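Engineer: Take 96 as the starting number for the sequence shown in the working numbering and just add one per residue. Quick one: the structure is below, questions incoming.
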Amino acid sequence: MSQLSILPVRLAEREYDIGIGDHLLTNGVAVEHLLSLRQSEPIVFVTHPALLLRYVTPLVTSLEKEGVRCHTLVYPPGEHRKTLAGMMKIYSGFAQAGVDRKGLVVVVGGGVLGDMVGFAAATFMRGVRFVQIPTTLLAQVDASVGGKTAVDLPEGKNLVGAFYQPSAVLIDPQTLNSLPLRELRSGLAEVIKYGIIWDKSFFERLRFLRKSLLSRDTEALGEIIRVCCEIKAEVVKQDETEQNVRAILNFGHTVGHAIEAATHYKVYKHGEAIAIGMVSEALIGEKLGITPMTVTAEIEAALSEFGLPTRFPKSLPQTEFFDAMMQDKKTVFGEFKFVLAEEVGRVLYGQTVSREVIERSLFD
96 MSQLSILPVR
106 LAEREYDIGI
116 GDHLLTNGVA
126 VEHLLSLRQS
136 EPIVFVTHPA
146 LLLRYVTPLV
156 TSLEKEGVRC
166 HTLVYPPGEH
176 RKTLAGMMKI
186 YSGFAQAGVD
196 RKGLVVVVGG
206 GVLGDMVGFA
216 AATFMRGVRF
226 VQIPTTLLAQ
236 VDASVGGKTA
246 VDLPEGKNLV
256 GAFYQPSAVL
266 IDPQTLNSLP
276 LRELRSGLAE
286 VIKYGIIWDK
296 SFFERLRFLR
306 KSLLSRDTEA
316 LGEIIRVCCE
326 IKAEVVKQDE
336 TEQNVRAILN
346 FGHTVGHAIE
356 AATHYKVYKH
366 GEAIAIGMVS
376 EALIGEKLGI
386 TPMTVTAEIE
396 AALSEFGLPT
406 RFPKSLPQTE
416 FFDAMMQDKK
426 TVFGEFKFVL
436 AEEVGRVLYG
446 QTVSREVIER
456 SLFD
């Protein structure tokens with residue numbers, strides 16, 4: 096993908112652009128966007144140590160040549176750091192840098208950092224503008240788009256957060272060249288999810304592009320990133336705060352999040368847990384007569400082809416698993432809510448499932 100592709104996200108009360116293009120972090124495009132959004136100084140960058148010299152320092156150098164003051168906060172990676180205690184460090188960093196109500200915060204990193212900094216931007220001084228520059232596939236196709244920001248509690252994932260849209264999202268597929276293969280596969284789980292919930296032809300296209308995607312062909316990656324962002328932008332446009340149809344984006348996440356929490360975020364990458372969750376929720380759909388066995392087999396085959404895990408860990412303590420599910424934001428009055436697939440490309444959301452059905456589907 097050599098040309099810059101601009102995807103406008105037009106919501107009821109706000110709008111912003113997603114820019115997708117090879118080398119946009121190094122060819123001046125990102126700097127131009129940031130200059131156009133600047134209303135105050137400094138521009139504050141938040142990133143991980145491993146990304147500082149590769150991506151952030153060149154951006155800061157270019158902006159400073161334009162006379163713009165910048166400040167950089169470095170925060171270590173890891174889901175276990177996505178906490179309220181971690182938020183305090185980011186808030187203090189904003190305050191010490193002198194961020195004001197017209198300030199601009201730029202987050203350069205993966206989904207965990209994007210979630211945290213987005214929530215910090217939503218709440219610091221009751222809201223400052225922020226830009227997402229996601230550097231993992233998972234963040235590029237999911238976490239950076241749609242305005243969900245949050246941190247975890249010991250009781251569960253993403254329990255404290257807000258809906259807060261970025262001022263822009265800038266995606267450079269070239270950042271995926273340095274991504275570990277396991278992280279790339281993790282992101283591809285979310286990509287496959289879009290095909291299952293929305294578009295069967297896209298699902299089939301992904302299977303066709305498998306070798307190109309796993310070998311990091313930037314044309315193929317740019318194509319699938321754009322399609323995923325288009326799908327998510329359309330869903331969010333219809334339902335920004337997840338009152339109805341946006342819930343389809345949670346396919347695989349009810350079980351997946353519970354697996355992550357019950358294993359203390361130490362065993363599975365997020366996308367790996369979601370891959371297991373999608374197959375698990377297809378099995379639950381089978382038990383309820385909603386998901387045909389052929390659809391479950393199709394989902395499992397596609398995920399396996401990309402090297403993702405699909406088998407539910409039956410050794411998981413049931414008590415811990417169901418305790419985690421009870422903390423899920425989608426659980427209402429103690430009822431477990433699921434997205435269930437009728438076929439590839441069409442799902443039902445808001446489906447109530449009993450604990451007994453879940454146990455028979457996953458633990459028997």
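By construction, the Cβ of each residue, glycine as well, lies at the ideal position given by its N, Cα and C atoms. What you are looking at is a predicted structure, and each value in this text was computed from that prediction instead of being measured.
Given 8 Å as the limit, is there contact between the segment 260 to 269 and the segment 117 to 136, that is, 3 or more CB pairs closer than that?
Structural biologist: With the cut-off at 8 Å, the segment 260 to 269 and the segment 117 to 136 touch.
Engineer: For my contact list, K382 and R455 are in at a C-beta cut-off of 8 Å; report their separation, rounded to the angstrom.
Structural biologist: Numbered from its first residue, the sequence shown carries residue 382 at position 287. Numbered from its first residue, the sequence shown carries residue 455 at position 360. Right, their Cβ atoms sit about 6 Å apart.
Engineer: Suppose contacts are defined by Cβ-Cβ distances below 8 Å. Is D247 in contact with E285 by that definition?
Structural biologist: Here residue 247 refers to the residue found at position 152 of the sequence shown. Here residue 285 refers to the residue found at position 190 of the sequence shown. For D247 and E285, no; Cβs fall outside 8 Å.
Engineer: State yes or no: is the C-beta of K288 within less than 8 Å of the C-beta of I379?
Structural biologist: Within the sequence shown, residue 288 is the residue found at index 193, counting from 1. Within the sequence shown, residue 379 is the residue found at index 284, counting from 1. Taking 8 Å as the Cβ cut-off, K288 and I379 do not qualify as a contacting pair.
Engineer: In or out: E355 buried (at least 16 other Cβ within 10 Å) or exposed?
Structural biologist: The residue given as residue 355 occupies position 260 in the sequence shown. Its Cβ being crowded by 16 or more others within 10 Å, E355 is buried.
Engineer: Would you mind giving the Cβ-Cβ distance between G204 and L233, rounded to the nearest angstrom? I have them listed as a contact below 8 Å.
Structural biologist: Position 109 of the sequence shown, counting from 1, holds the residue named residue 204. Position 138 of the sequence shown, counting from 1, holds the residue named residue 233. Contact doesn't hold; Cβ gap of about 11 Å is too wide.
Engineer: Where do the N-terminal and C-terminal ends of the alpha helix (DSSP H) with A245 fall, by residue?
Structural biologist: On the sequence shown, residue 245 is found 150 positions in, with the first residue counted as 1. First-last for A245: 243 to 248, but that is the beta strand (DSSP E), not the alpha helix (DSSP H).
Engineer: Find the nearest neighbour of Y363 within the set V139, A263, E174, N272, judged by alpha-carbon distance.
Structural biologist: Within the sequence shown, the letter at position 268 stands for residue 363. It is E174.
Engineer: The alpha helix (DSSP H) with N160 in it runs from where to where?
Structural biologist: Residue 160 sits at position 65 when you count from the first residue of the sequence shown. Here the sequence assigns Lys to residue 160, which means Asn is not the residue at that position. Run containing K160: 152 to 160, per the alpha helix (DSSP H) assignment.
Engineer: Please confirm if the segment 176 to 192 is in contact with the segment 124 to 136, defined as three or more CB-CB distances below 8 Å between the two stretches.
Structural biologist: These segments do not touch.
Engineer: Please report the distance separating the alpha-carbon of A125 from that of L154.
Structural biologist: Against the sequence shown, residue 125 aligns to sequence position 30. Against the sequence shown, residue 154 aligns to sequence position 59. Using only the alpha carbons, I get a separation of about 8 Å.
Engineer: If we count the other Cβ atoms within 10 Å of its Cβ and call it buried at 16 or more, is H365 buried or exposed?
Structural biologist: The residue you call residue 365 lines up with position 270 of the sequence shown. So H365 counts as buried.
Engineer: Could you pull out every unbroken alpha helix (DSSP H) segment of at least 4 residues lying fully inside the segment 296 to 384, listed in chain order?
Structural biologist: Entirely contained in the segment 296 to 384, the alpha helix (DSSP H) runs reaching 4 residues are, in chain order, 305 to 309, 313 to 333, 348 to 357, 365 to 382.
Engineer: Using CA atoms only, rank isn't needed, just tell me which of E335, K332, I371 is closest to H348.
Structural biologist: As a working note, residue 348 is residue 253 in the sequence shown. The shortest C-alpha separation from H348 is found at I371.
Engineer: What residue does the beta strand (DSSP E) around G204 start on, and which one ends it?
Structural biologist: Taking the first residue of the sequence shown as position 1, residue 204 is located at position 109. That run of the beta strand (DSSP E) goes 199 to 204.
Engineer: Return helix, strand or coil for D423, following the three-state DSSP convention.
Structural biologist: Numbered from 1 along the sequence shown, position 328 holds the residue referred to as residue 423. Reduced to three states, the DSSP call for D423 is coil.
Engineer: Would you kindly report the start and end of the unbroken beta strand (DSSP E) that includes E278?
Structural biologist: Working through the sequence shown from its first residue, we reach residue 278 at position 183. No beta strand (DSSP E) contains E278, which is instead part of the alpha helix (DSSP H) from 276 to 293.
Engineer: What does a CB cutoff of less than 7 Å around F297 pick up in its chain, not counting 5 residues either side in sequence?
Structural biologist: Residue mapping note: residue 297 aligns to position 202 of the sequence shown, counting from 1. Hits under 7 Å: Y289, G290, V322.
Engineer: Taking contact to mean 3 or more Cβ pairs, one atom from each stretch, closer than 8 Å, check whether the segment 417 to 436 and the segment 334 to 345 are in contact.
Structural biologist: Judged by Cβ distances under 8 Å, the segment 417 to 436 makes contact with the segment 334 to 345, as three or more pairs qualify.
Engineer: For A107, name the three-state secondary structure that DSSP assigns.
Structural biologist: Along the sequence shown, read from residue 1 onward, the residue named residue 107 stands at position 12. A107: coil per DSSP, three-state reduction.
Engineer: Thinking C-alpha only, which one of T313, V202, S310, E318 is nearest A263?
Structural biologist: Position 168 of the sequence shown, counting from 1, holds the residue named residue 263. Measuring from the Cα of A263, the nearest candidate turns out to be V202.
Engineer: Let me make sure I understand the geometry here. Which of T358, K361, A397, Y360 has the alpha-carbon closest to that of M373?
Structural biologist: The residue you call residue 373 lines up with position 278 of the sequence shown. Minimum Cα distance to M373 is reached at A397.
Engineer: I'd like to know whether the C-beta atoms of R219 and T244 end up nearer to each other than 8 Å.
Structural biologist: The count along the sequence shown starts at 1 and reaches residue 219 at position 124. The count along the sequence shown starts at 1 and reaches residue 244 at position 149. Before going further, note that residue 219 is Phe rather than Arg in the sequence given. It is not a contact, given that the beta carbons lie outside the stated cut-off.
Engineer: Can you tell me whether L208 is buried or exposed? The criterion is at least 16 other CB atoms within 10 Å of its CB, across all chains shown.
Structural biologist: Within the sequence shown, numbered from 1, the residue matching residue 208 stands at position 113. By the neighbour-count rule (16 or more Cβ atoms within 10 Å), L208 is buried.
Engineer: Measuring CA to CA, which of Y186, S310, F140 is closest to L199?
Structural biologist: Counting from one through the sequence shown, the residue named residue 199 turns up at place 104. Ranking the options by Cα distance to L199, first place goes to F140.
Engineer: Please classify A353 as buried or exposed, where buried requires at least 16 neighbouring CB atoms within 10 angstroms.
Structural biologist: Sequence index remark: in the sequence shown, residue 353 carries index 258 (1-based). So A353 counts as buried.
Engineer: Per DSSP, which one or two residues make a beta bridge with A257?
Structural biologist: On the sequence shown, residue 257 is found 162 positions in, with the first residue counted as 1. According to DSSP, which records beta bridges pairwise, A257 is partnered with T244.
Engineer: Apply the 10 Å Cβ neighbour rule to M96 and answer buried if 16 or more other Cβ atoms are within range, or exposed otherwise.
Structural biologist: The count along the sequence shown starts at 1 and reaches residue 96 at position 1. Confidence at M96 is low in this model, with a pLDDT of 49, below 50, so its placement is unreliable and the value that follows should be read with caution. With 16 or more other Cβ atoms within 10 Å, it is buried.
Engineer: With a Cβ-Cβ cutoff of 8 Å, do T386 and A419 count as a contact?
Structural biologist: Here the question's residue 386 lines up with position 291 in the sequence shown. Here the question's residue 419 lines up with position 324 in the sequence shown. Not closer than 8 Å, so no.
Engineer: How many Å lie between F433 and L457 at the Cα?
Structural biologist: As a working note, residue 433 is residue 338 in the sequence shown. As a working note, residue 457 is residue 362 in the sequence shown. Their Cα atoms are separated by approximately 14 Å.
Engineer: Quick one: using the 10 Å Cβ neighbour count with 16 as the cut-off for buried, is G114 buried or exposed?
Structural biologist: In the sequence shown, residue 114 corresponds to position 19, counting from 1. By the 10 Å Cβ count, G114 comes out buried.
Engineer: Measuring CB to CB, does L301 end up less than 8 Å from I319?
Structural biologist: Here residue 301 is taken as the residue at index 206 of the sequence shown, counted from 1. Here residue 319 is taken as the residue at index 224 of the sequence shown, counted from 1. Cβ distance < 8 Å, so L301 and I319 count as in contact.
Engineer: Using DSSP bridges, identify the partner residues of V226.
Structural biologist: On the sequence shown, position 131 is the one that residue 226 refers to. Beta-bridge pairing links V226 to V201, A263.
Engineer: Roughly how far, in whole angstroms, is the beta-carbon of D210 from the beta-carbon of K177, given that I think they are within contact range, below 8 Å?
Structural biologist: Here residue 210 is taken as the residue at index 115 of the sequence shown, counted from 1. Here residue 177 is taken as the residue at index 82 of the sequence shown, counted from 1. That pair is a contact at about 6 Å.
Engineer: Could you check whether F416 and R280 sit closer than 8 Å to each other, using their CB atoms as the reference points?
Structural biologist: Position 185 of the sequence shown, counting from 1, holds the residue named residue 280. Position 321 of the sequence shown, counting from 1, holds the residue named residue 416. No, the Cβ-Cβ distance between R280 and F416 is not below 8 Å.
Engineer: Quick check: P408 and E367, are their CB atoms within less than 8 Å of each other?
Structural biologist: Translated into positions along the sequence shown, residue 408 becomes position 313. Translated into positions along the sequence shown, residue 367 becomes position 272. No, these two residues do not count as a Cβ contact at 8 Å.
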